[in-house]
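A short write-up of the structure that comes next.
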Amino acid sequence: MSQRKRHTIRVMASHILAVFHSRTGRTKAMVDAACCGIRRCEQAILRHQWALAATAEDLLWADGLLLGTPENFGYMAGAMKEFLDRTFYAVEATIRPLPYGLLVNCGNDGSGAATSIQRIVTGLRLKPIAEPIVCKGAPPPDVLETCSDLGQSLAEGVAMGIF
Ligand SMILES: Cc1cc2nc3c(=O)[nH]c(=O)nc-3n(C[C@H](O)[C@H](O)[C@H](O)COP(=O)(O)O)c2cc1C
362 MSQRKRHTIR
372 VMASHILAVF
382 HSRTGRTKAM
392 VDAACCGIRR
402 CEQAILRHQW
412 ALAATAEDLL
422 WADGLLLGTP
432 ENFGYMAGAM
442 KEFLDRTFYA
452 VEATIRPLPY
462 GLLVNCGNDG
472 SGAATSIQRI
482 VTGLRLKPIA
492 EPIVCKGAPP
502 PDVLETCSDL
512 GQSLAEGVAM
522 GIF
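And the structure:
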């Protein structure tokens, strides 16, 4: 009789940091939906921080990262840039190559915000788990569902050691 191999999946606590900025609430709605998805993962421990309040310690605590920003003047929001400026050198040498998801809200484009964040976090060796979710205007239910699925995938992927 052939012996069956046992595959053990190690499930770990999954520290997920959501950092966002939003002036009129659209990006926040996307991030909040993603956080609902994160909370569906039993192992997830979530920190949900405005960019102006988030710290380098938050980044070093995280096993996975969710970033949310509106596009302003073809770039990420100033508050998100301030967060990355303020923390970059403090974490550059020690941050692990975290998996991350990116949410962008915009009026008509969104690519400048997405690209500007991707360029900086690539410098920190962070790894995207999916293409950015870019939404023009108020996020409709299907976009919110996609954000929620992204959050859940991030948290569960970290918990199962997939990322
Ligand atoms: C100062 C300013 C600059 C903006 N620049 C852009 C832009 O370059 N491209 C774009 O698609 N939308 C632009 N927008 C539109 C915002 O991205 C859009 O209103 C978005 O829904 C705001 O997200 P929030 O509700 O999370 O603040 C701009 C808005 C403001 C207030």
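Position one of the sequence shown corresponds to residue 362 (the working numbering), numbered consecutively onward. By construction, the Cβ of each residue, glycine as well, lies at the ideal position given by its N, Cα and C atoms. Predicted, not measured: the structure shown is a model, and the values here were computed from it.
beta-carbon residue i near ligand 1 non-hydrogen atom, thresh 6 Å
i      : result
ARG384 : yes
ASP424 : no
GLU432 : yes
GLY468 : yes
THR388 : yes
GLY439 : no
Close-in-space but distant-in-sequence residues of the same chain around residue i (CB under 8 Å, 5 per side omitted)
i      : result
LYS442 : TYR436, SER477
Contact check, residue i vs residue j, beta carbons under 7 Å
i      : j      : result
CYS397 : ALA379 : no
ILE377 : GLY425 : yes
ASN466 : CYS496 : yes
PRO501 : ALA390 : no
GLY462 : LEU515 : yes
Unbroken alpha helix (DSSP H) run spanning residue i, endpoints
i      : result
CYS508 : 502-520
PHE444 : 439-452
Cβ neighbours of residue i in the same chain (closer than 6 Å, five flanking residues each side left out)
i      : result
MET362 : Note that MET362 scores a pLDDT of 46, beneath 50, so its modelled location is shaky; the value from the coordinates is reported in the next line. Within the same chain, MET362 has no close Cβ partners at all.
The beta strand (DSSP E) enclosing residue i, as first and last residue numbers
i      : result
THR430 : 425-433
GLY398 : GLY398 -> not in any beta strand (DSSP E); alpha helix (DSSP H) instead, spanning 387-400.
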